[in-house]
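Contents: one structure, followed by commentary.
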Amino acid sequence: MSNNQQTLGFQTEVKQLLQLMIHSLYSNKEIFLRELISNASDAADKLRFKALSAPELYEGDGDLKVRIRFDEKKGTLTVSDNGIGMTREQAMEHLGTIAKSGTKEFLTALGQDQAKDSQLIGQFGVGFYSAFIVADKVEVRSRAAGVPANQGVLWTSAGEGEYSVEDIEKKERGTEITLFLREDEKEFLNEWRLREIIGKYSDHIGLPVEILTKEFDDEGKETGVKWEKINKAQALWTRAKGEISDEEYKEFYKHISHDFADPLVWQHNKVEGNQEYTSLLYVPSKAPWDLFNRDQKHGLKLYVQRVFIMDDAEVFMPNYLRFMRGLLDSNDLPLNVSREILQDNKTTAALRKALTKRALQMLEKLAKDEPEKYALFWKEFGLVLKEGVGEDFANREQIAKLFRFASTHTDSSEQTVSLEDYIARMKEGQKAVYYITADSYVAAKNSPHLELFNKKGIEVLLLSDRIDEWMLSYLTEFDGKPLQSVTKADLDLGDLADKAEEEKEKAQDEALSGFVDRVKTLLGERVKNVRLTHRLTDTPAVVSTDNDQMTTQMAKLFAMSGQPVPEVKYTFELNPDHNLVKKVAALADESAFANWVELLLEQAMLSERGTLDNPAAFIKRVNTLLAG
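Mapping the sequence shown onto our numbering, position 583 (from 1) lands on 579, and the numbers just tick up by one.
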């Protein structure tokens, strides 16, 4: 083959992505131009950064730009830039494979719900591949900055199963992408249509976007062509806030995040004084597909004195705010800053502190001013935000203010109740915020541990997210009020307890002390303790743990993460007012007594843990007792 030509197959994931993307994004096909211009802008940013230490990469041409031309006869649209460019190897790597962790799982999840496909695909950042929405063939000519003209590369594909690469001569550095448009996509060979799209999507890019336009004389005769700049070409964040429309902020978000959905909220700030920086922070409206992937890159775009330095500068945002998108432009960091320098830099620490505070204030304002929008945020990112109380001690109270829970105050499983709401509704004499953790909302809502609280009208938070037990090990109080689990054996209602009832209960405990001792003897070391309880109304028995003991939910969390689980020994609590307990207490036959006690314990364990060690024995016991 001439020019070292190779024909290669796309990575399986690329083939799958192309099919899904063309199908899902066809109704919004004009975004292909936004994506190609966005990539060209990134290529210019990368060249500027590399040229800081190697100015020869400019090759005598530092006037960076994006150019667009079209040919109606040939049916082609070409987008070119004079940015960093690509080598042959880079073209094969960037255009033939998707090097994203979890790609396979992501693509498997797609295609199930067509309405969601376009949103998810947008989050994936399809960029270059969006060209195939409108083109049945794409040619990419590129040469990396600083390499000889004879080391250019031509990449060609029809977007099906394969692509070809070959060496070419390319005088100018940078990348030129030519789209051979499908017959029904000729609207993109119209200058005014192209101007409209570029004006809509690319005004905010700090790089001139030029279009090759025809010139005419006074009589309307064509006299030639010229390149005309059609965008503002001023980086959006450097402009005054009053000059920027909401639409421009939204489009800039899509440019930096490759998300197709609008952001939920944003904040643009210019700070002068001890520190000089501009920040533009966005909260997405949807969680990215890889939010819980440990290899996921996150962080802000970093600029120093308006020069792009790096993507995903994660040091400026704590991990629990990894969903935040946006950029930071600092005047205080050196232009040659690296990830390593950022880690141990006093300026970095000060910026991280300021940006974290700003992000939390954004969320606080959203929760206060637009609760419906905040509810959408909480659904998408609440689990991640809960990590904050364990990671960020300094802002713990502020983070906890943002939490939302389900509670017995409402009939819905929606998490809408804040800790401030709960405290405002606390009963006179109530000293603690009561909660219960369980595997699901239904399990929490119907737990026998709530019976006394329901009877007394005391609100209880219903927690069923996997992270909740871990979170509660760090969030032990809020606004001076301790958080108290209702499943604890040593639960004390304090001033909420009824003194007259307490006297009656004390007498009852003394009368049934022999029964309690008998159960203790039977169960021995299998339980930590046996006692009577007066917090149940409809249930004969429950199991509980002491305050200093690991809870059932925490033990499950340990097990799920593959860690050794310490043995949880329960206190067995019996309800002396329940007819079943009265019946068992009156039994003289030791065999029948043992069977009934075992059944009550198994019922209590099933209610607490959701499983039994030996369900077959439990069923056999139930059947024996039912048969009489």
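Note that beta-carbon positions come from the ideal geometry of N, C-alpha and C, so glycine has one too. Please read these numbers as outputs of a predicted model, since none were measured by experiment.
Judged by DSSP in its simplified three-state form, Phe312 adopts helix. His405 and Tyr430 have their C-alpha atoms spaced approximately 12 angstroms apart. By the neighbour-count criterion, in which 16 or more other beta carbons inside 10 Å mark a residue as buried, Phe389 falls on the exposed side.
Considering only Lys427, Leu468, Ala434, the residue with the shortest C-alpha distance to Gly386 is Leu468.
If you look at Val515, you'll find it in the alpha helix (DSSP H) that goes 509 to 519.
Looking at the DSSP output, Phe568 sits in a beta bridge with Val526, Val539. Taken in chain order, the complete alpha helix (DSSP H) segments of 4 residues or longer contained in the stretch 357 to 413 are 367 to 381, 384 to 387, 392 to 397.
Ser326 and Leu190 have their C-alpha atoms roughly 34 angstroms apart. Residue Glu465 holds the alpha-carbon nearest to the alpha-carbon of Lys552 among Asp488, Glu465, His530, Asp573. Under the three-state reduction of DSSP output, Phe28 falls in the helix class.
In the three-state reduction of the DSSP assignment, Gln301 falls in the coil class.
In this chain, Lys266 is not harboured by any alpha helix (DSSP H); it is covered by the beta strand (DSSP E) spanning 261 to 267. For Lys167, no beta strand (DSSP E) run applies, since DSSP gives it neither H nor E. For Val205, the closest C-alpha among the options Leu29, Leu595, Leu448 is that of Leu29. Per DSSP, Ser253 is not a residue of any beta strand (DSSP E); the alpha helix (DSSP H) it occupies stretches across 242 to 253.
Assigned with DSSP and collapsed to three states, Lys423 falls in coil, not helix or strand. Distances from the alpha-carbon of Ala485 to those of Val593, Glu68, His445, Asp585 put His445 closest. In the DSSP assignment, Lys616 falls within the alpha helix (DSSP H) that extends over 611 to 623. Taking Val618 as the centre and dropping the five residues before and after it, the same chain places the C-beta of Leu595 closer than 8 angstroms to its C-beta, in chain order. Short of 8 angstroms from the beta carbon of Ala145, and not among the five residues preceding or following it, lie these beta carbons of its own chain, in chain order: Arg139, Glu165, Lys166, Lys167. Remark: fewer than three beta-carbon pairs, one from each stretch, lie closer than 8 angstroms, so the stretch 318 to 335 and the stretch 397 to 404 are not flagged as touching.
Contact fails between the stretch 153 to 162 and the stretch 196 to 212, because fewer than three Cβ pairs, one in each stretch, are under 8 angstroms apart. Shown here for Glu410: same chain residues with a beta carbon closer than 7 angstroms to its own, the five before and five after excluded, namely Ala402 in chain order. For the pair of segments examined, the stretch 471 to 479 was found not to touch the stretch 435 to 453: the number of CB pairs separated by less than 8 angstroms stays below three. Between the stretch 305 to 316 and the stretch 235 to 245, the count of C-beta pairs closer than 8 angstroms stays below three; the two stretches do not touch. With a 10 Å radius around the Cβ and a threshold of 16 neighbouring Cβ atoms, Gly510 comes out exposed. No residue range can be given for Leu232, since it is assigned to no alpha helix (DSSP H) and is classified by DSSP as neither H nor E.
Distance check between Ile432 and each of Lys353, Met550, Ala345 places Met550 closest, using alpha-carbon atoms only.
Taking the Cβ atoms as the reference, Val539 lies roughly 6 angstroms from Met601, within the contact range of under 8 angstroms. Glu383 sits buried, since 16 or more C-beta atoms from the chains shown fall within 10 Å of its C-beta. Counted as a single uninterrupted DSSP element, the beta strand (DSSP E) harbouring Tyr278 occupies residues 273 to 279. Setting aside the 5 residues that flank it on each side, Lys42 is surrounded in the same chain by Gly79, Ile80, Phe304, each with a C-beta closer than 8 angstroms to its C-beta; the list follows chain order.
Short of 7 angstroms from the beta carbon of Leu317, and not among the five residues preceding or following it, lie these beta carbons of its own chain, in chain order: Thr352, Ala355. Taking all protein chains shown into account, Ala434 has 16 or more neighbouring C-beta atoms within 10 Å of its C-beta and is therefore buried. Residue range 205 to 212 is occupied by the beta strand (DSSP E) that includes Ile207.
In this structure, the straight-line span from the alpha carbon of Val62 to that of Glu416 is close to 52 angstroms.
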